[in-house]
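So in our numbering, spot 203 of the sequence shown is number 206, and the numbers just go up one at a time.
Beta carbons are placed, not taken as given, at the ideal position from N, Cα and C, and that holds for glycine.
Input: a single structure, listed below in structure tokens.
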Amino acid sequence: MSNKQSIFGRISQLVRANINSLLDEAEDPEKMLDQMVRDYTSSIADAEAAIAETIGNLRLLEDDHREDVNAAREWGEKAVAASRKGDELRTAGDASGADKFDNLAKVALSRQISSENEARAAEPQIAAQTDVVNKLKTGLNGMKEKLVQLQNKRNELVARSKTAAAQRQVHDAVKSIDILDPTSELGRFEQKIRREEAVVRGQAELTASTLDAQFAELDDLGELTEVDARLAALKAGGSSQGAIGS
Numbered sequence: 004m005s006n007k008q009s010i011f012g013r014i015s016q017l018v019r020a021n022i023n024s025l026l027d028e029a030e031d032p033e034k035m036l037d038q039m040v041r042d043y044t045s046s047i048a049d050a051e052a053a054i055a056e057t058i059g060n061l062r063l064l065e066d067d068h069r070e071d072v073n074a075a076r077e078w079g080e081k082a083v084a085a086s087r088k089g090d091e092l093r094t095a096g097d098a099s100g101a102d103k104f105d106n107l108a109k110v111a112l113s114r115q116i117s118s119e120n121e122a123r124a125a126e127p128q129i130a131a132q133t134d135v136v137n138k139l140k141t142g143l144n145g146m147k148e149k150l151v152q153l154q155n156k157r158n159e160l161v162a163r164s165k166t167a168a169a170q171r172q173v174h175d176a177v178k179s180i181d182i183l184d185p186t187s188e189l190g191r192f193e194q195k196i197r198r199e200e201a202v203v204r205g206q207a208e209l210t211a212s213t214l215d216a217q218f219a220e221l222d223d224l225g226e227l228t229e230v231d232a233r234l235a236a237l238k239a240g241g242s243s244q245g246a247i248g249s
């Protein structure tokens, strides 16, 4: 396979590539797109060089063909001129001069035939080379269009990635000041305060419980004092009934 055929095959393969499908399979789409942009740029440069060389060879073939066609026409004109001169001399009775110009006409016709054969032999090569050049040009244009798509896709992907990162930063910032979010700084501070308040409430309950016990003791002391008073009254000969019976 020639270098040009190899380049042409690479162009065809790259142009047929499905960018979206490749992106779906890529672990790092942005990195893959950057590599594809480099590959396309390099391949386009190779293709342009190959096409320029191919076009140069084609133009040489066309120049040679044009020269052969012009030479065939010129030799044909010379053959006609020599033949007419020979006819004139023969009419004038100069057979020797007529034969000389007829021979010149034959030489011109022989050269005309040779030039026509060369021109005819070059035509299939020119046609084939023209077809290759046209295909290479089409492939090159396709690659350039694909390169624009790749660059646009890469720029879109990078922009989307930056947008997502910015949105994530905003979300994190908002989350960090969300009072209702228990993971935020304010949320954690609120939890700390609530725990401190709970400790104070516990201490208050404990204090209240201690006061209740003290008042209960006072009640017990009151009851004992009344018992002693009644006992004293009983011993003094009085009644053991309290104020209810009086």
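Beta-carbon contacts of residue i that lie in its chain and below 8 Å, excluding the five residues immediately before and after
{"i": "G79", "result": "A111, L112 and Q115"}
{"i": "D90", "result": "A101"}
Local conformation of residue i per DSSP, three classes
{"i": "A95", "result": "coil"}
{"i": "A239", "result": "coil"}
{"i": "G248", "result": "The predicted position of G248 is uncertain, since its pLDDT is 48 and thus under 50; no value can be drawn from it."}
{"i": "D231", "result": "helix"}
{"i": "D31", "result": "coil"}
Integer Cβ distance of residue i from residue j, believed to fall under 8 Å
{"i": "V136", "j": "L61", "result": "6 Å"}
{"i": "L36", "j": "K156", "result": "6 Å"}
{"i": "A85", "j": "A101", "result": "With a Cβ gap of about 10 Å, A85 and A101 do not count as contacting."}
Environment of residue i [buried if 16+ CB atoms lie within 10 Å]
{"i": "F192", "result": "exposed"}
{"i": "Q206", "result": "exposed"}
{"i": "A168", "result": "exposed"}
{"i": "A246", "result": "With a pLDDT of 49 at A246, under the threshold of 50, the modelled position of this residue cannot be trusted; read the value that follows with caution. By the neighbour-count rule (16 or more Cβ atoms within 10 Å), A246 is not buried but exposed."}
{"i": "G142", "result": "buried"}
{"i": "I196", "result": "exposed"}
{"i": "S118", "result": "buried"}
{"i": "Q38", "result": "exposed"}
Beta-carbon gap between residue i and residue j smaller than 8 Å
{"i": "L160", "j": "V40", "result": "no"}
{"i": "L150", "j": "T44", "result": "yes"}
{"i": "M146", "j": "A53", "result": "no"}
{"i": "E148", "j": "H68", "result": "no"}
Cβ-heavy atom distance, residue i to the ligand COA, below 7 Å
{"i": "A84", "result": "This structure lacks the ligand COA; in fact it carries no ligand of any kind."}
6 Å CB neighbourhood of residue i in its chain, flanking five on each side removed
{"i": "V72", "result": "A122"}
{"i": "K88", "result": "F104"}
{"i": "D124", "result": "The amino acid at residue 124 is misidentified as Asp; the sequence shows Ala. Result list for A124: empty, nothing under 6 Å."}
Neighbourhood of residue i by C-beta, 7 Å cutoff - its chain only, sequence neighbours within 5 removed
{"i": "A82", "result": "A108, A111, L112 and Q115"}
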